[in-house]
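Here the working numbering runs 1 ahead of the position in the sequence shown, where the first position is 1.
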Amino acid sequence: MILSVAVALPTSPPGGPGLHIPDGFLSTPIAISGWVVTIAVLALAVRMTNRSLDERAVPLMGVMAAFIFAAQMMNFPVAGGTSGHLLGGALAAILLGPWAAIIVMTAVVGLQAVLFQDGGMAVMGVNIFNMGILTAFIGAGLYAVAKPFARSTAPMLVVAFVAAWLSVEASAVATALQLAASDTSPLDVVLPAMVGVHALIGIGEGLITAAAIGFVGATRPDLIPRAATVPEGAHGT
């Protein structure tokens, strides 16, 4: 039973749980802790976003939420019957910044749980933390570190790819640790399974994120954060 639970999460077919942890998989303390941390971070995100929000950001947040919500409905095959879908946290963080991205991802993950039972209601705080907060901070953090080097199109897209890939792996590691802490599955079983499969899923995440950033940069460069825009004369490098 323990082995089947560990394998079911990362290798479920389309419609399976994946990173969307269902109710009953986590202990009560873990679930409550997830809610406490997520509510605290979300409150801070709302406050920080209100401070720095400009007129352009409001419609962009809505468009981003709608895009990620729709994109998460489409699964792509990975290997051996496994499939994955876009998380979108890194993409949102690169375009909007981490605080606005957290609000967007909270809306997406919450709506999926309410409308499609994609993840449990009792553990929604944990799911938002794993798929929204972690991914947003990693995407924005890596982008900030790489700012001095993202002076042309190619480095910008590489940063986007790596940030997205790492965000998926971080979510997988967090999920594995939470399952192990809840005595749902041994860590030495669930961690390799989650990390291995999501390393492949992260490639798809990275490609989609890089393609989206590239498209936005080519069509609406004003929507790309200043450090990621292509300076004049740098095109074609």
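Beta carbons are placed, not taken as given, at the ideal position from N, Cα and C, and that holds for glycine.
- Query: Got a sec, what are the start and stop residues for the alpha helix (DSSP H) H86 sits in?
  - Reply: Counted from its first residue, the sequence shown places residue 86 at position 85. First-last for H86: undefined, no H or E at that position.
- Examine chain D for any beta-carbon lying closer than 9 angstroms to the beta-carbon of P193, and answer yes or no. The structure shown contains no chain D; it is built from a single protein chain.
- Message: Just list the residues that DSSP pairs P78 with in beta bridges.
- Response: Here residue 78 is taken as the residue at index 77 of the sequence shown, counted from 1. S84, per the DSSP bridge assignment.
- Task: Out of L180, A161, V174, F216, point me to the one whose CA is closest to E206's CA.
- Result: The residue given as residue 206 occupies position 205 in the sequence shown. Nearest C-alpha to E206: A161.
- What three-state label does DSSP hand L112 in the structure shown? Walking along the sequence shown from the start, residue 112 turns up at place 111. DSSP places L112 in helix when its eight states are reduced to three.
- Query: CA-CA distance, A9 and L43?
  - Reply: Against the sequence shown, residue 9 aligns to sequence position 8. Against the sequence shown, residue 43 aligns to sequence position 42. With a pLDDT of 39 at A9, under the threshold of 50, the modelled position of this residue cannot be trusted; read the value that follows with caution. If I take the Cα positions, the gap works out to 30 angstroms.
- What's the call for M122, buried or exposed, on a 16-neighbour Cβ count within 10 Å? Taking the first residue of the sequence shown as position 1, residue 122 is located at position 121. M122 should be labelled exposed.
- Item | Reference V159, options R52, L116, A91, closest by Cα | Your numbering for residue 159 matches position 158 in the sequence shown. Nearest option by C-alpha distance: A91.
- Taking the Cβ atom as the reference point for each residue, do N128 and G35 lie within a distance shorter than 9 angstroms? Here residue 128 corresponds to residue number 127 of the sequence shown, with the count starting at 1. Here residue 35 corresponds to residue number 34 of the sequence shown, with the count starting at 1. Taking 9 angstroms as the cut-off, the Cβ atoms of N128 and G35 count as close.
- Expressed to the nearest angstrom, what Euclidean distance is found between the alpha-carbon atoms of A67 and V105? Reading the sequence shown from its first residue, position 66 is the one you call residue 67. Reading the sequence shown from its first residue, position 104 is the one you call residue 105. Those two C-alpha atoms are separated by around 9 angstroms.
- Roughly how many whole angstroms lie between the Cα atoms of M157 and Y144? The residue labelled residue 157 in the question sits at position 156 within the sequence shown. The residue labelled residue 144 in the question sits at position 143 within the sequence shown. In a straight line, the C-alpha of M157 is about 9 angstroms away from that of Y144.
- Using CA coordinates, which residue listed in V124, A71, G140 is at the minimum distance from H21? Walking along the sequence shown from the start, residue 21 turns up at place 20. The closest CA to that of H21, considering only V124, A71, G140, is found on V124.
- Message: Check this for me: beta carbons of F130 and T39, under 9 angstroms apart or not?
- Response: Taking the sequence shown and counting its residues from 1, the one referred to as residue 130 is at position 129. Taking the sequence shown and counting its residues from 1, the one referred to as residue 39 is at position 38. With respect to T39, F130 sits close: the two C-beta atoms are nearer than 9 angstroms.
- Item | Cut-off 6 angstroms between Cβ atoms - residues of its own chain near A94, not counting five sequence neighbours on either side | Within the sequence shown, numbered from 1, the residue matching residue 94 stands at position 93. If we look at A94 and ignore the five residues flanking it on each side, its Cβ neighbours are A102, A137, G140, A141.
- Query: Roughly how many angstroms lie between the CA atoms of V146 and F26, to the nearest whole one?
  - Reply: Translated into positions along the sequence shown, residue 146 becomes position 145. Translated into positions along the sequence shown, residue 26 becomes position 25. Straight-line Cα distance between these residues: approximately 36 angstroms.
- From D119 to Q113, what does the alpha carbon distance come to, in whole angstroms? Counting from one through the sequence shown, the residue named residue 119 turns up at place 118. Counting from one through the sequence shown, the residue named residue 113 turns up at place 112. Each residue's alpha carbon lies about 5 angstroms from the other.
- Do you know how far the Cα of R52 is from the Cα of G133? Reading the sequence shown from its first residue, position 132 is the one you call residue 133. Reading the sequence shown from its first residue, position 51 is the one you call residue 52. Taken atom to atom, the span from the alpha-carbon of G133 to that of R52 is near 21 angstroms.
- Message: Once the 5 residues before and after T50 are set aside, which same chain residues still bring their CB inside 7 angstroms of it?
- Response: One-based indexing of the sequence shown puts residue 50 at position 49. For T50, where only same-chain residues beyond five positions count, the Cβ hits under 7 angstroms are W100, A101, I104.
- Task: Out of A211, A219, I33, D223, point me to the one whose CA is closest to G89's CA.
- Result: The residue labelled residue 89 in the question sits at position 88 within the sequence shown. Of the listed residues, the one whose Cα sits closest to G89 is A211.
- Identify the continuous alpha helix (DSSP H) that holds P60 and give its terminal residues. Taking the sequence shown and counting its residues from 1, the one referred to as residue 60 is at position 59. First-last of the alpha helix (DSSP H) with P60: 58-72.
- Message: Can you give me the C-alpha to C-alpha distance between V115 and L97, rounded to a whole angstrom?
- Response: Numbered from its first residue, the sequence shown carries residue 115 at position 114. Numbered from its first residue, the sequence shown carries residue 97 at position 96. Approximately 25 angstroms between the Cα atoms of the pair.
- Task: Would you kindly check if the distance between the Cβ of G203 and the Cβ of L167 is under 9 angstroms?
- Result: Here residue 167 corresponds to residue number 166 of the sequence shown, with the count starting at 1. Here residue 203 corresponds to residue number 202 of the sequence shown, with the count starting at 1. Their beta carbons are under 9 angstroms apart, which means L167 touches G203 by this criterion.
- Message: Do A32 and G126 count as a contact pair if the criterion is CB distance below 9 angstroms?
- Response: On the sequence shown, position 125 is the one that residue 126 refers to. On the sequence shown, position 31 is the one that residue 32 refers to. For G126 and A32, yes; Cβs fall inside 9 angstroms.
- Message: Using the Cβ count rule (16 or more neighbours within 10 Å means buried), how would you classify L180?
- Response: Locating residue 180 in the sequence shown gives position 179, where the first residue counts as 1. It is buried - the Cβ of L180 has at least 16 other Cβ atoms within 10 Å.
- Task: For my contact list, L188 and A177 are in at a C-beta cut-off of 8 angstroms; report their separation, rounded to the angstrom.
- Result: As a position in the sequence shown, residue 188 is number 187, starting the count at 1. As a position in the sequence shown, residue 177 is number 176, starting the count at 1. Indeed, because the Cβ distance is near 7 angstroms, the residues count as touching under 8 angstroms.
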